[in-house]
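Asks: Here's a structure for you.
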Amino acid sequence: MTEDIMEELRISTVKRTERIRISVNGRETYAYKGETVLAALHAAGYRVLRRDKNGQARGAFCGMGICYDCLVTINGIRNQRSCMFEVEEGMEIAIDEP
Amino acid sequence: MSPNKYDVVIVGSGLAGIVAANRLADYNLEVLLLDENIHIGGQILRRIPQNLGVGAGREPSQVRRIGFRFIESVKEKKIRVMNRTKVLGIQPEGELLIEEDEKRAYTITADIILFATGARERFLPFKGWMLPGVLSTGAVQILIKGSGVLPAKEILIAGSGPFLYAVAYEFVINKGTVLSVLEQTMLLDNISLIGRLLYQFPKFTEGLRYLAKLLISGVPIRYGTQLIEARGDTGLTEVVAARVDRSGRVREGTEKVFKTRALAVGHGFVPNIELPQLAGCELEYSQDKGGWVVRVKDDLETSIERVYAAGEITGIGGALKSITEGNLSAMGILHNLGKVSENEYISHLQRLSKERRHHLAFGKCLNTLYKIPHGAIRSIPDETVICRCEGVRMGDIQKAIANGYDTPGALKRILRVGMGTCQGRICGPVLYDILSAYREIPAHDIPPFSVRVPVKAVSCGSLIS
């Protein structure tokens, strides 16, 4: 993914320091220190995060750890709320493909 | 003191929690401040960790500036802070079962517990509200304020009450496009109430500033308009909305389609009462306070001795109420522990109670703006999903009510509504409204879901540890 697209949803007036490498389903991408996993996924263009038990695509909803809709796999641990974790260098995130 | 025993354990580090912690720490008490989030400050004080003191590239509001100073002083004082920590259960004698960092569960003991668990959002379900791209208004604000990321370049914002304008303002000043703000209530109803608010509460001019910015930016605001359907295959692509009459019923033939990849929805706030409920604290229902709240005495002690409640859980009323109640609960606790004289206690109690009454009156106006009319509840179509976790639909719920399953508990047992991972936190308040509308009984006659340990989802690994 090109840099332009990666920065499209990031608010330009926000001061960002440390750029961090993460991967989503094995694909290398980047995020910035302090971003939640959810924010980093949105900025990288991922809004579908999982399929529910009926096979329907689901993404984030409440954004504050209550609804459990934004569940992803982080470093091999399943069912983590992406809104409640911040990105870390080398973090491996796995989501259901849309 | 042993590391797992404290004079006061404060659950929730939003404004009420940090204000109380600060005051209590001045009296040489062992204070533990617990919060499930990564950073302290709760929802109102969210900010980008790299931009300490500056919210999303803008100067923070006055209330946020005050709050940031409280956070700084929590860090300077001898207050133990545990982030990423959930309270799973409360046992008698002040024992709390907690889970640290999604990994380790154990118990701690508190001489006094202060609940400051805040609020979450209220929703009015519509067809397709589970599609990726449909977010809560709070989620949008958190993405912007906490991470500096917009969920999309363009957004449609819908629901009721002043928070819609706050989020729209935030979106616009950060170079996003707001296609429209759809407000369920009628313009006329808003004007009369807002006029009264402006007269009584100068604080409300903040709302006018938002509104002015939206008008200047050319954001269309449509009153008396409600969401009908969110459409898309694997994610949101378009939204259908229509005009409603005063009672909340949809007017046929007024549908309008918006092309958008993002939709923010919200109808105000409901208190997070689950933990106090589990501790056995008496609740009360008050429309003016935003639904089921924790019943408190003048100094914010609950019906259970040595258990206090402060902030949104005693009534939705905003940031200033939380600051007042943080101070008031701290005075109650200090008096309970014999740390302040009777005279000092009474003079503070009088001053803070007066402030509190003012904030409750403001909250009453706020909660009126957020009220969802019964007509709107009755117009939810049969196929609309109410419980997002278990996929329970309006038609199933209506049928069950007609068959005599007429309490939240009975509906839960027969339909699994509210039994998923969120434990009824999202659908519960809607379900109470549905029961009230269909049984034509007042909301205070509908008891909320009962709660059990663990109050929040926990991994088996944590419990084994």
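Those protein sequence lines, which keep their order, are chains A and B.
Going by our numbering, 9 is the number at position 9 of the first sequence; the sequence numbering is gapless.
Take the position in the second sequence, starting the count at 1, then add 1000; the result is the number in our numbering.
We put the beta carbon where it would ideally sit given N, CA and C, even for glycine.
Just to confirm, does A/Leu9 get its C-beta within under 8 Å of one of the non-hydrogen atoms of the ligand ZN?
Replies: Here there are no bound small molecules, and the ligand ZN is not part of this structure.
Asks: Can you tell me where the alpha helix (DSSP H) with A/Glu92 in it begins and where it stops?
Replies: For the purposes of this step, residue 92 of chain A is taken as residue 92 along the first sequence, with counting starting at 1. Element bounds for A/Glu92: not the alpha helix (DSSP H) but the beta strand (DSSP E), 91-94.
Asks: Under 8 Å between beta-carbons, which chain A residues line up against B/Lys1153? List them in chain order, please.
Replies: On the second sequence, position 153 is the one that residue 1153 of chain B refers to. The answer, in chain order, is Glu8, Leu9.
Asks: Using a Cβ-Cβ cutoff of less than 6 Å, which residues in the same chain neighbour B/Gly1055 once the five nearest sequence positions on both sides are dropped?
Replies: For the purposes of this step, residue 1055 of chain B is taken as residue 55 along the second sequence, with counting starting at 1. Caution is warranted here: a pLDDT of 42 is assigned to B/Gly1055, below 50, making its placement in the model unreliable, and no coordinate value can be reported.
Asks: If you measure between the beta carbons of A/Ala39 and B/Leu1143, is that distance less than 9 Å?
Replies: Looking up residue 39 of chain A in the first sequence gives position 39. Looking up residue 1143 of chain B in the second sequence gives position 143. It is a contact, given that the beta carbons lie within the stated cut-off.
Asks: Over the uninterrupted beta strand (DSSP E) stretch that includes B/Asn1037, give me the two end residues.
Replies: Numbered from 1 along the second sequence, position 37 holds the residue referred to as residue 1037 of chain B. Here B/Asn1037 belongs to no beta strand (DSSP E), and DSSP marks it neither H nor E.
Asks: Helix or strand or just coil, what does DSSP make of B/Lys1103?
Replies: The residue you call residue 1103 of chain B lines up with position 103 of the second sequence. Correct three-state label for B/Lys1103: coil.
Asks: If contact means a Cβ-Cβ distance below 8 Å, which residues of the segment 1107-1128 of chain B contact chain A?
Replies: Arg1120, Glu1121
Asks: So that I know if they touch, is there some Cβ in chain A lying closer than 9 Å to that of B/Val1140?
Replies: Locating residue 1140 of chain B in the second sequence gives position 140, where the first residue counts as 1. Yes - at least one Cβ of chain A is within 9 Å of the one on B/Val1140.
Asks: Using 10 angstroms around the beta-carbon of B/Lys1289, count the other beta-carbons present and answer buried if the total reaches 16, otherwise exposed.
Replies: Taking the second sequence and counting its residues from 1, one reaches residue 1289 of chain B at position 289. The residue in question, B/Lys1289, is buried, as its Cβ has 16 or more Cβ neighbours within 10 Å.
Asks: Buried or exposed: where does B/Cys1460 fall if 16 or more other Cβ atoms within 10 Å of its Cβ makes it buried?
Replies: Within the second sequence, residue 1460 of chain B is the residue found at index 460, counting from 1. Residue burial annotation: B/Cys1460 is exposed, with fewer than 16 other C-beta atoms found within 10 angstroms of its C-beta.
Asks: Step through the CB atoms of chain B and report whether any lies within less than 9 Å of the CB of A/Glu35.
Replies: Numbered from 1 along the first sequence, position 35 holds the residue referred to as residue 35 of chain A. Answer yes: the Cβ-Cβ gap between A/Glu35 and chain B drops below 9 Å somewhere.
Asks: Cβ of B/Ala1242 within 9 Å of Cβ of B/Ile1228?
Replies: Taking the first residue of the second sequence as 1, we reach residue 1242 of chain B at position 242. Taking the first residue of the second sequence as 1, we reach residue 1228 of chain B at position 228. Yes.
Asks: Which residues share a DSSP beta bridge with B/Glu1229?
Replies: Within the second sequence, residue 1229 of chain B is the residue found at index 229, counting from 1. Paired residues: B/Lys1127, B/Val1240.
Asks: Rounding to the nearest angstrom, what Cα-Cα distance links A/Phe85 and A/Val37 in this structure?
Replies: To locate residue 85 of chain A, count along the first sequence from 1; it is residue 85. To locate residue 37 of chain A, count along the first sequence from 1; it is residue 37. Those two C-alpha atoms are separated by around 6 Å.
Asks: DSSP on A/Glu28, reduced to helix/strand/coil?
Replies: Locating residue 28 of chain A in the first sequence gives position 28, where the first residue counts as 1. Correct three-state label for A/Glu28: strand.
Asks: Throw me the rounded Cβ distance for the B/Gly1266 and B/Leu1164 pair, which I believe falls under 8 Å.
Replies: Here residue 1266 of chain B is taken as the residue at index 266 of the second sequence, counted from 1. Here residue 1164 of chain B is taken as the residue at index 164 of the second sequence, counted from 1. Their Cβ separation, rounded to whole angstroms, is 7 Å, which keeps B/Gly1266 and B/Leu1164 in contact under 8 Å.
Asks: For B/Gly1053, count the other beta carbons within 10 Å of its own beta carbon; 16 or more makes it buried, fewer makes it exposed. Which is it?
Replies: Here residue 1053 of chain B refers to the residue found at position 53 of the second sequence. Model confidence at B/Gly1053 stands at a pLDDT of 40, short of 50, so the residue's coordinates are unreliable; what they give is reported in the following sentence. It is exposed - the Cβ of B/Gly1053 has fewer than 16 other Cβ atoms within 10 Å.
Asks: Measure the beta-carbon distance from B/Val1019 to B/Phe1070 and round it to whole angstroms, keeping in mind my assumption that it falls under 8 Å.
Replies: Walking along the second sequence from the start, residue 1019 of chain B turns up at place 19. Walking along the second sequence from the start, residue 1070 of chain B turns up at place 70. Correct: roughly 6 Å between the Cβ atoms.
Asks: Which one of B/Asn1083, B/Ile1323, B/Ser1379 has the shortest CA to CA distance from B/Val1250?
Replies: The count along the second sequence starts at 1 and reaches residue 1250 of chain B at position 250. The residue with the shortest Cα to Cα distance from B/Val1250 is B/Ser1379.
Asks: Give a yes or no on whether the C-beta atoms belonging to B/Ile994 and B/Ala1330 are separated by under 9 Å.
Replies: It is not possible to answer for residue 994 of chain B, since the shown part of chain B is limited to 1001 through 1465.
Asks: According to DSSP, is B/Pro1271 helix, strand or coil?
Replies: Residue 1271 of chain B sits at position 271 when you count from the first residue of the second sequence. Strand.
Asks: In the DSSP assignment, what residue or residues form a beta bridge with B/Tyr1223?
Replies: Residue mapping note: residue 1223 of chain B aligns to position 223 of the second sequence, counting from 1. Answer is B/Glu1183, bridged to B/Tyr1223.
Asks: Taking a contact to mean a Cβ-Cβ separation below 9 Å, would you say B/Ile1333 touches B/Leu1024 in this structure?
Replies: Reading the second sequence from its first residue, position 333 is the one you call residue 1333 of chain B. Reading the second sequence from its first residue, position 24 is the one you call residue 1024 of chain B. Against a cut-off of 9 Å, the Cβ pair of B/Leu1024 and B/Ile1333 comes out as a contact.
Asks: Would B/Val1054 count as contacting chain A if we go by Cβ distances under 9 Å?
Replies: Walking along the second sequence from the start, residue 1054 of chain B turns up at place 54. Low local confidence applies: a pLDDT of 44 at B/Val1054 is under 50, so the model's placement there is unreliable, with the coordinate-based value given in what follows. By this cut-off, B/Val1054 is an interface position.
Asks: Residues of chain B with CB under 9 Å from A/Arg21, in chain order?
Replies: Counting from 1 along the first sequence, the entry for residue 21 of chain A is found at position 21. Residues of chain B passing the Cβ test: none, with the nearest at roughly 17 Å.
Asks: Does DSSP put B/Asp1396 in a helix, a strand or coil?
Replies: Here residue 1396 of chain B refers to the residue found at position 396 of the second sequence. It is helical.
Asks: Look at B/Val1417 and B/Leu1431 and say whether their C-beta atoms are less than 9 Å apart.
Replies: Counted from its first residue, the second sequence places residue 1417 of chain B at position 417. Counted from its first residue, the second sequence places residue 1431 of chain B at position 431. Result yes, Cβ atoms of B/Val1417 and B/Leu1431 sit closer than 9 Å.
Asks: Counting pairs of beta carbons, one from the segment 1027-1046 of chain B and one from the segment 1080-1089 of chain B, are three or more of them closer than 8 Å?
Replies: yes
Asks: Identify whether B/Glu1154 lies in helix, strand or coil by the three-state DSSP scheme.
Replies: Within the second sequence, numbered from 1, the residue matching residue 1154 of chain B stands at position 154. In the structure shown, B/Glu1154 sits in a strand (DSSP, three-state: E or B).
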